[in-house]
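Colleague: This structure is in structure tokens; I'll ask about it shortly.
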Amino acid sequence: MIEIPSDLHKDLVPLAFLLGNWAGAGVHDFPGSEKCNFGQEVTFGHDGRDFLEYASHTWVLDNDGNKVRPLESEHGFWRIDADRKVEVTMVRDDGVVEIWYGEMAAQKPQIDLVTDAVARTAASGPYTGGKRLYGYVKSDLMWVGEKQTPEVELRPYMSAHLKKVVTPEEVERWAKALPDDLPDDGIAFFK
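Below is the structure:
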């Protein structure tokens with residue numbers, strides 16, 4: 001279910017499907033780095049201004065799904081214009097700052113992004129750009145990232161399947177919004 005908060009800036013309505021806290025898992029695979037499964041927590045929030053605030057934290061998972069160590073962290077800001085063009089500014093924990101541009105697909109909650117500018121600190125590894133695809137599919141958030149370096153051509157390196165994290169407050173709010181005439185046994189509701 002996509003909710004549009006009453007205090008969401010009007011320009012951000014097409015991005016409302018991103019709002020909230022998401023958690024899930026994915027796969028990381030890029031030449032020169034460890035191939036692994038990872039866990040991820042993502043938050044898209046807003047404060048009424050014309051951007052979404054973004055934070056992502058990933059960590060390596062062992063074979064039992066336990067956290068082993070941090071993998072990557074990102075923070076940024078997402079905007080969209082009247083023509084559904086999306087811009088993202090992002091900073092990563094490894095010393096990379098990126099500007100991404102892209103657009104929302106017509107008639108569906110899907111965003112394609114490509115790096116426009118990359119700045120790296122002396123401590124960061126080689127990186128020249130990337131592409132990302134985000135999509136809202138059956139109430140889940142899915143994404144795939146591609147990456148290139150001077151040595152490796154653009155190729156997929158991370159992808160994840162995330163589920164919306166529901167807080168007890170949200171459950172309570174939804175419960176209060178249910179109609180008063182629901183059947184007591186719950187089974188009759190599905191007949």
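The letter at position 60 of the sequence shown is residue 60 when you use full-length UniProt numbering, and the numbering goes up by one with no holes. Yeah, the Cβ is synthetic: ideal placement off N, Cα and C, and Gly gets one too.
Measure the C-alpha to C-alpha separation of Ala16 and Met142 and round it to an integer number of angstroms.
Modeller: 15 Å
Colleague: Just to confirm, are residue 192 and His9 a CB contact at a threshold of 8 Å?
Modeller: The structure shown does not extend to residue 192, since the chain is modelled only from 1 through 191, so no value can be given for it.
Colleague: Is it right to say Gly65 is buried, meaning 16 or more other beta carbons lie within 10 angstroms of its own, or is it exposed?
Modeller: exposed
Colleague: How would you call Val86, buried or exposed, if buried means at least 16 neighbouring beta carbons within 10 angstroms?
Modeller: buried
Colleague: Which whole runs of the alpha helix (DSSP H) in the region 53-123 are 4 residues long or more, in chain order?
Modeller: none
Colleague: Just the Cα atoms here: how many angstroms apart are Arg79 and Leu133?
Modeller: 16 Å
Colleague: Counting only the same chain and skipping the five closest in sequence on each side, list residues whose C-beta sits under 7 Å from that of Tyr157.
Modeller: His28, Asp29, Phe30, Gly145, Glu146, Lys147
Colleague: Specify, as a first and last residue, the run of the beta strand (DSSP E) that Pro156 falls within.
Modeller: 155-164
Colleague: By Cβ distance, which residues of its chain are closer than 6 Å to Tyr101, with the 5 residues on each side in sequence left out?
Modeller: Non-local beta-carbon contacts of Tyr101 in its own chain, meaning distances under 6 Å to residues more than five positions away in sequence, involve Glu87, Asp116 in chain order.
Colleague: So is Ser56 buried or exposed if we call it buried at 16+ other beta carbons inside 10 Å?
Modeller: buried
Colleague: Glu58: which of Asp94, Ser139, Val166 sits nearest, CA to CA?
Modeller: Per the sequence presented here, residue 58 reads as Thr, with Glu not at that position. Looking at the Cα atoms, Asp94 is the closest of the given residues.
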